[in-house]
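Peer 1: The sequence shown begins at 47 in my numbering and counts up by one. Ideal Cβ placement from N, Cα and C applies to all residues, glycine included.
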Amino acid sequence: MRPDRCPHLSRLPLHLLAIITFPALWVAAAPPLALREVDPDRISGGVFAALSADGHFDSITTAPSAHTVAAEALPPGSPTKGTPPDVTAPWVAANTRLGDDPADLSNTQRHQAEPHVFRSRTNPAVLLATFQEGRLSDGGAASCGYAVSHNGGRTWRRDLIPALTRVNGGTYFRATDPVAAIDLDGNMFLNTLNARTSDFGLADLTIVRSSDGGETWTTPRLIYAAPSAQIFPDKNWMAVNDHPGASSANRLLVTFTGFTSNAQGQSTGADLRSSFSDDQGETWSPPVFIQPLGTSNQATQPLFLADGSALVVYIAFTTSTQAFRIECKRSPSGGASWPSPATVIHEVFSAWDDPVARDGVFLVSATLAKSNGTLFVTWTEAQSGSSRVRLSRSFDNGATWSAPIQVNESATGRSAFNPTVGASEDGQTVTVTWMDNRNAPDLRNWVDMYATTSTDGGLSWSADSRISDRTTDMRRAQSTPRGYMLGDYFGFAAGRTPAEPSVAVWVDTRAGEADPVATRFHPIPNSSYEGWRQAHFMPAGNDANDLSGPQGDVDRDGFANVFEYLYALDPFVADRGDAFTISASAIAEPRFAGRTDLSTDVWEHSTDGATWTPVSPAGRNPAGEIQLTDLPSARPLWVRRHVAVAGGPDVIGANTTTLGSDTRLVNLSSRAFVGSTAEAQLIPGFVVGDGPLDTLIRGIGPGLIPFNVNGVLSDPTLTLSPAPLSALTSNDNWGRDGGATAEDFNAVGAFALPADSLDAALSATLDSGSTTAVVSGPNSGVALAELYLSDTGSGATARLLNLSTRALVSTGERVLVGGFILEGNSPRRCLVRAVGPTLADFDVGGPLADPTLQLFRGSPGELVAENDDWSLSPSATAIATAADRIGAFDLRIASTDAALLVTLEPGSYTAVVSGVDGAEGVALVEVYVLDD
Numbered sequence: 047m048r049p050d051r052c053p054h055l056s057r058l059p060l061h062l063l064a065i066i067t068f069p070a071l072w073v074a075a076a077p078p079l080a081l082r083e084v085d086p087d088r089i090s091g092g093v094f095a096a097l098s099a100d101g102h103f104d105s106i107t108t109a110p111s112a113h114t115v116a117a118e119a120l121p122p123g124s125p126t127k128g129t130p131p132d133v134t135a136p137w138v139a140a141n142t143r144l145g146d147d148p149a150d151l152s153n154t155q156r157h158q159a160e161p162h163v164f165r166s167r168t169n170p171a172v173l174l175a176t177f178q179e180g181r182l183s184d185g186g187a188a189s190c191g192y193a194v195s196h197n198g199g200r201t202w203r204r205d206l207i208p209a210l211t212r213v214n215g216g217t218y219f220r221a222t223d224p225v226a227a228i229d230l231d232g233n234m235f236l237n238t239l240n241a242r243t244s245d246f247g248l249a250d251l252t253i254v255r256s257s258d259g260g261e262t263w264t265t266p267r268l269i270y271a272a273p274s275a276q277i278f279p280d281k282n283w284m285a286v287n288d289h290p291g292a293s294s295a296n297r298l299l300v301t302f303t304g305f306t307s308n309a310q311g312q313s314t315g316a317d318l319r320s321s322f323s324d325d326q327g328e329t330w331s332p333p334v335f336i337q338p339l340g341t342s343n344q345a346t347q348p349l350f351l352a353d354g355s356a357l358v359v360y361i362a363f364t365t366s367t368q369a370f371r372i373e374c375k376r377s378p379s380g381g382a383s384w385p386s387p388a389t390v391i392h393e394v395f396s397a398w399d400d401p402v403a404r405d406g407v408f409l410v411s412a413t414l415a416k417s418n419g420t421l422f423v424t425w426t427e428a429q430s431g432s433s434r435v436r437l438s439r440s441f442d443n444g445a446t447w448s449a450p451i452q453v454n455e456s457a458t459g460r461s462a463f464n465p466t467v468g469a470s471e472d473g474q475t476v477t478v479t480w481m482d483n484r485n486a487p488d489l490r491n492w493v494d495m496y497a498t499t500s501t502d503g504g505l506s507w508s509a510d511s512r513i514s515d516r517t518t519d520m521r522r523a524q525s526t527p528r529g530y531m532l533g534d535y536f537g538f539a540a541g542r543t544p545a546e547p548s549v550a551v552w553v554d555t556r557a558g559e560a561d562p563v564a565t566r567f568h569p570i571p572n573s574s575y576e577g578w579r580q581a582h583f584m585p586a587g588n589d590a591n592d593l594s595g596p597q598g599d600v601d602r603d604g605f606a607n608v609f610e611y612l613y614a615l616d617p618f619v620a621d622r623g624d625a626f627t628i629s630a631s632a633i634a635e636p637r638f639a640g641r642t643d644l645s646t647d648v649w650e651h652s653t654d655g656a657t658w659t660p661v662s663p664a665g666r667n668p669a670g671e672i673q674l675t676d677l678p679s680a681r682p683l684w685v686r687r688h689v690a691v692a693g694g695p696d697v698i699g700a701n702t703t704t705l706g707s708d709t710r711l712v713n714l715s716s717r718a719f720v721g722s723t724a725e726a727q728l729i730p731g732f733v734v735g736d737g738p739l740d741t742l743i744r745g746i747g748p749g750l751i752p753f754n755v756n757g758v759l760s761d762p763t764l765t766l767s768p769a770p771l772s773a774l775t776s777n778d779n780w781g782r783d784g785g786a787t788a789e790d791f792n793a794v795g796a797f798a799l800p801a802d803s804l805d806a807a808l809s810a811t812l813d814s815g816s817t818t819a820v821v822s823g824p825n826s827g828v829a830l831a832e833l834y835l836s837d838t839g840s841g842a843t844a845r846l847l848n849l850s851t852r853a854l855v856s857t858g859e860r861v862l863v864g865g866f867i868l869e870g871n872s873p874r875r876c877l878v879r880a881v882g883p884t885l886a887d888f889d890v891g892g893p894l895a896d897p898t899l900q901l902f903r904g905s906p907g908e909l910v911a912e913n914d915d916w917s918l919s920p921s922a923t924a925i926a927t928a929a930d931r932i933g934a935f936d937l938r939i940a941s942t943d944a945a946l947l948v949t950l951e952p953g954s955y956t957a958v959v960s961g962v963d964g965a966e967g968v969a970l971v972e973v974y975v976l977d978d
């Protein structure tokens with residue numbers, strides 16, 4: 047039968063050139079004077095997009111996206127709904143979105159771009175990220191936002207910078223180029239470039255401060271205001287002197303590019319300037335020149351050295367094409383003046399420009415190892431048709447620099463862009479992150495984040511490691527005339543020591559549009575439990591009894607940390623369910639490459655659930671799963687596993703399964719809202735094995751009133767299909783037309799109904815196979831469908847194999863509630879499903895788009911397990927295998943249907959199906975007992 051009739055039974059089987067130059071192009075709507083003769087590639091992405099949208103630049107544009115941007119679909123911190131994550135290395139934690147889009151953004155302002163992140167030196171668990179908020183379809187950003195983490199980047203709280211732009215009470219039209227910093231006292235700072243006029247003809251640099259951990263912020267303080275359209279500040283960057291005891295400790299330094307022109311709009315250069323503040327950003331020094339008027343520069347990266355002096359790394363353009371020189375200058379006065387001559391770091395003769403993304407072609411990244419003073423600079427350049435990520439070091443405060451070395455694994459046609467470098471304080475652990483297209487199906491449009499690490503101060507480097515758990519399509523980001531906008535730069539915060547996880551922040555399109563995403567990872571590639579532990583916990587404890595140890599269970603899902611590690615799960619997200627796959631005489635469980643550091647790895651079986659006997663694994667199947675064979679034939683048989691990592695305690699898995707249990711289903715009770723349409727009826731279904739089976743089936747409305755249920759169905763009708771072996775096929779009022787008797791209720795333990803109630807009931811003998819019941823009524827209301835087993839007249843081996851109910855799901859008392867009872871002496875392995883989206887495959891109208899399933903035991907109800915998306919469960923493979931064996935219809939691959947594979951003790955259970963975020967729609971709840 048089809049699920050629309052008896053849903054419990056069915057089983058159906060643009061190219062952009064890599065290098066483009068723009069010689070002084072402008073059209074009727076001229077850009078600001080200072081930018082009229084500037085190569086657009088040399089302007090920051092946010093400014094260029096905004097000016098291009100107003101017709102200021104006549105440039106090559108990308109082809110329109112072929113993808114429809116999806117609506118916001120993810121709660122904070124979750125992976126993509128319904129899409130199983132790729133398995134990253136053990137030392138990489140799950141990726142985390144930095145939070146929901148702020149409510150002040152309109153539905154057309156849901157793209158983010160260009161993130162930066164800063165880690166507090168005095169409290170490394172505190173991180174401050176910032177990014178453009180609301181990349182507009184006509185260019186630029188509606189505002190800039192921030193996200194704060196107080197637990198090392200595991201969770202974040204996100205919002206807009208208050209009173210910055212007109213989106214949320216500010217005066218500026220747009221904002222871009224956000225940079226973050228935290229001083230030694232814990233003060234947080236956000237620096238942005240803002241449009242003072244609607245055409246971005248005049249721009250200001252501002253800063254806001256929070257002294258309470260990001261809870262509240264000052265109004266924007268002015269750093270620099272362009273005095274006329276003949277000067278345009280661009281690509282600002284910020285540094286804070288967080289060296290304790292330095293002569294200018296806590297000083298803030300902002301550097302930026304000044305594009306200038308004469309009154310006729312002819313370019314007169316792109317100088318570099320700086321301004322500093324010694325009073326937490328309240329007031330700022332008059333800007334001074336780093337590079338004088340008439341020079342051609344961009345992309346400053348300021349740093350404070352331990353002695354209080356400042357160093358800035360920047361780009362000096364050498365030709366009209368994409369060639370440049372990387373230079374640095376030092377300021378002994380901490381940015382008050384820049385008298386020292388420039389030092390050349392490296393000549394780049396051909397910059398790499400990603401052919402699809404708007405990337406930071408002319409932006410380098412610089413960092414300082416704060417305790418030993420080593421400086422590191424990284425950038426990309428083109429060679430032999432691929433992008434090379436280069437790195438250079440200085441051991442003498444920038445006076446001399448090493449010859450550049452390549453740190454990434456390059457290949458012809460492979461793009462690597464937006465590299466960022468970070469280092470431990472001793473300078474020995476150095477990590478570079480970047481965006482990479484090597485996993486793109488077409489080697490072009492899809493990207494991941496990658497990282498490589500040196501543990502010898504930058505001499506040698508590890509193999510590239512993927513740190514994103516999604517390969518995402520850049521074409522879902524906001525389009526600009528120079529490519530799809532993810533940002534000119536991304537963020538990276540290295541741990542102070544190799545024991546602290548590093549945090550990378552970037553923008554990708556896993557939610558259907560560009561969103562800020564972060565991950566924590568152990569910077570030193572390490573496939574052991576210790577590497578996994580350091581990536582997921584901060585700080586990682588040394589005490590064997592602490593929550594980060596192998597036996598810890600922070601999310602209380604029954605999977606101890608060592609099993610979260612083995613099964614590639616997130617220890618902070620509950621992953622309840624049975625991970626064992628049972629097929630024929632073999633039992634298998636998920637196992638992932640690299641997780642092999644076990645000192646104990648023992649499977650055990652028991653015939654009484656109390657005394658356990660070890661059994662050795664027989665090998666692995668082609669999927670890499672462990673298999674057990676030659677298990678005892680005694681039934682019931684309990685199976686479990688216990689493991690230990692090197693130096694750790696033995697941990698017995700709570701994931702225990704039972705084979706051959708005689709425990710059986712004896713009761714179904716489903717409560718839901720019954721509407722006036724066919725899709726809104728309450729439709730329970732039953733599968734009987736080895737019938738006949740005597741039952742009592744009821745459809746109750748008025749009988750719920752004594753139980754304080756509101757808005758009941760006033761006059762339910764109960765109809766069975768096909769006709770039972772005995773009794774009628776339908777009943778309207780239970781006391782009439784031979785439906786059932788009070789004695790029938792009493793015999794099975796059903797609660798009594800008034801003799802004159804309008805509830806419906808039938809005493810029916812069901813044949814083997816499926817039966818569908820329909821509870822309907824002349825109006826709408828909440829109803830209860832029940833099935834009870836009766837021993838009278840049933841066959842000796844007759845049993846219920848499956849119970850299901852289809853109904854309209856809403857909120858409050860209108861959720862779908864399916865109750866069932868397991869009767870017996872041993873646990874029984876069960877499959878429980880809440881199906882929504884897959885019902886559309888069977889022409890069910892208005893299916894619930896994203897059901898969530900909770901399973902409770904007893905009364906008032908103890909939560910046993912819950913699931914939102916079945917394919918994100920550790921049981922995903924086992925769920926699919928079990929459904930196939932029992933003849934259940936397949937769930938859509940990576941759908942948002944919910945399912946649980948659980949081993950349940952005898953007792954009463956309640957499955958509750960609701961919609962994520964209160965959504966409504968038709969759903970199906972199913973309970974199967976498995977004959978494993």
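Starting from residue 649, follow the beta strand (DSSP E) in both directions and report where the run begins and ends.
Peer 2: Run containing residue 649: 644–652, per the beta strand (DSSP E) assignment.
Peer 1: When the Cα atoms are used, what is the spatial distance from residue 892 to residue 821?
Peer 2: Cα to Cα, the separation comes out at about 19 Å.
Peer 1: Are the beta-carbon atoms of residue 216 and residue 226 separated by less than 8 Å?
Peer 2: No, Cβ-Cβ distance for residue 216 and residue 226 is not below 8 Å.
Peer 1: Going by Cα to Cα distance, which pick from 133, 719, 661 and 819 is closest to residue 741?
Peer 2: Comparing Cα positions, the closest option is 819.
Peer 1: Going along the chain, which residues of its own chain have a beta-carbon closer than 8 Å to the beta-carbon of residue 588, five neighbours each way excluded?
Peer 2: Since pLDDT at residue 588 reaches only 48, below the 50 mark, its modelled position is unreliable, and the value read off the structure follows with that caveat. If we look at residue 588 and ignore the five residues flanking it on each side, it has no Cβ neighbours.
Peer 1: Distance, Cα to Cα, residue 439 vs residue 448?
Peer 2: Those two C-alpha atoms are separated by around 5 Å.
Peer 1: With 16 other CB atoms within 10 Å as the buried threshold, where does residue 290 fall?
Peer 2: Exposed.
Peer 1: Check each candidate in 743, 538, 702 and 565 and name the one with the smallest Cα separation from residue 138.
Peer 2: When only C-alpha atoms are compared, the closest one is 565.
Peer 1: Are there 16 or more other CB atoms within 10 angstroms of the CB of residue 743, so buried, or fewer, so exposed?
Peer 2: Classification of residue 743: buried, given that the 10 Å Cβ count is 16 or more.
Peer 1: Please determine if the segment 962–975 and the segment 852–867 are in contact, where contact requires at least 3 C-beta pairs separated by less than 8 Å.
Peer 2: Yes, the segment 962–975 is in contact with the segment 852–867.
Peer 1: Near residue 697, which residues of its chain fall below 7 Å by C-beta distance, leaving aside the five closest residues on each side in sequence?
Peer 2: So the list reads 596, 597, 606, 608, 688, 689 and 690, once near-sequence residues are dropped.
Peer 1: Checking 8 Å against the spacing of the C-beta atoms, do residue 362 and residue 376 come in under that value?
Peer 2: No, these two residues do not count as a Cβ contact at 8 Å.
Peer 1: Between the segment 727–734 and the segment 766–779, are three or more C-beta pairs nearer than 8 Å?
Peer 2: The answer is no - the segment 766–779 does not touch the segment 727–734, with fewer than three Cβ pairs under 8 Å.
Peer 1: For residue 963, name the three-state secondary structure that DSSP assigns.
Peer 2: If DSSP states are grouped into helix, strand and coil, residue 963 belongs with the helices.
Peer 1: Does DSSP classify residue 577 as helix, strand or coil?
Peer 2: The answer is helix: DSSP assigns residue 577 an H, G or I state.
Peer 1: Need the endpoints of the beta strand (DSSP E) that residue 928 sits in, please.
Peer 2: Not the beta strand (DSSP E): residue 928 falls in the alpha helix (DSSP H), residues 922–932.
Peer 1: Would DSSP call residue 396 helix, strand or coil?
Peer 2: If DSSP states are grouped into helix, strand and coil, residue 396 belongs with coil.
Peer 1: Using three-state DSSP, classify residue 713 as helix, strand or coil.
Peer 2: Residue 713 falls in the strand class under three-state DSSP.
Peer 1: Report buried or exposed for residue 973, applying the criterion of at least 16 other Cβ atoms within 10 angstroms of its Cβ.
Peer 2: Label assigned to residue 973: buried.
Peer 1: By a C-beta neighbour count over all protein chains shown, 10 Å radius and 16 as the cutoff for buried, is residue 958 buried or exposed?
Peer 2: Its Cβ being crowded by 16 or more others within 10 Å, residue 958 is buried.
Peer 1: Just how far apart, CA to CA, sit residue 494 and residue 464?
Peer 2: Distance between the alpha carbons of residue 494 and residue 464: 12 Å.
Peer 1: Would you mind sorting residue 149 into buried or exposed? The rule is 16 or more other CB atoms within 10 Å of its CB.
Peer 2: It counts as exposed.
Peer 1: Can the beta-carbon of residue 732 be found less than 8 Å from the beta-carbon of residue 846?
Peer 2: It is a contact, given that the beta carbons lie within the stated cut-off.
Peer 1: So what does DSSP say about residue 542, is it helix, strand or coil?
Peer 2: Reduced to three states, the DSSP call for residue 542 is coil.
Peer 1: Note down the Cα distance separating residue 459 from residue 634, rounded to an integer number of angstroms.
Peer 2: C-alpha separation (whole angstroms): 41 Å.
Peer 1: On a CA-only basis, which of 479, 528 and 718 is nearest residue 508? Give me that one, please.
Peer 2: Selected option, being the one with the closest Cα: 479.
Peer 1: Roughly how many angstroms separate the alpha carbons of residue 755 and residue 828, rounded to a whole number?
Peer 2: The alpha-carbon atoms of residue 755 and residue 828 are separated by roughly 8 Å.
Peer 1: For residue 432, is the beta carbon positioned less than 7 Å from some heavy atom of the ligand SAH?
Peer 2: Only the bare structure without any ligand can be found here, which leaves the ligand SAH out of the picture.
Peer 1: Below 7 Å CB to CB, which residues in the same chain sit around residue 782 once its five sequence neighbours on both sides are set aside?
Peer 2: Here the set comprises nothing.
Peer 1: Let's test the definition: count the other Cβ atoms within 10 Å of the Cβ of residue 866 and tell me whether it reaches 16, buried, or not, exposed.
Peer 2: By the neighbour-count rule (16 or more Cβ atoms within 10 Å), residue 866 is buried.
Peer 1: Assuming residue 793 is part of the alpha helix (DSSP H), what are its boundary residues?
Peer 2: Unbroken alpha helix (DSSP H) run through residue 793: 788–794.
Peer 1: Rounded to a whole number of angstroms, what is the C-alpha to C-alpha distance between residue 746 and residue 610?
Peer 2: Answer to the nearest angstrom: the Cα atoms are 44 Å apart.
Peer 1: Helix, strand or coil: how does DSSP classify residue 858 here?
Peer 2: Three-state result, residue 858: helix.
Peer 1: Within 10 angstroms of its Cβ, does residue 889 collect 16 or more other Cβ (buried), or is it exposed?
Peer 2: Label assigned to residue 889: exposed.
Peer 1: Taking all protein chains shown into account, do 16 or more other C-beta atoms lie within 10 angstroms of the C-beta of residue 900, making it buried, or fewer, making it exposed?
Peer 2: Per the 10 Å Cβ criterion, buried.
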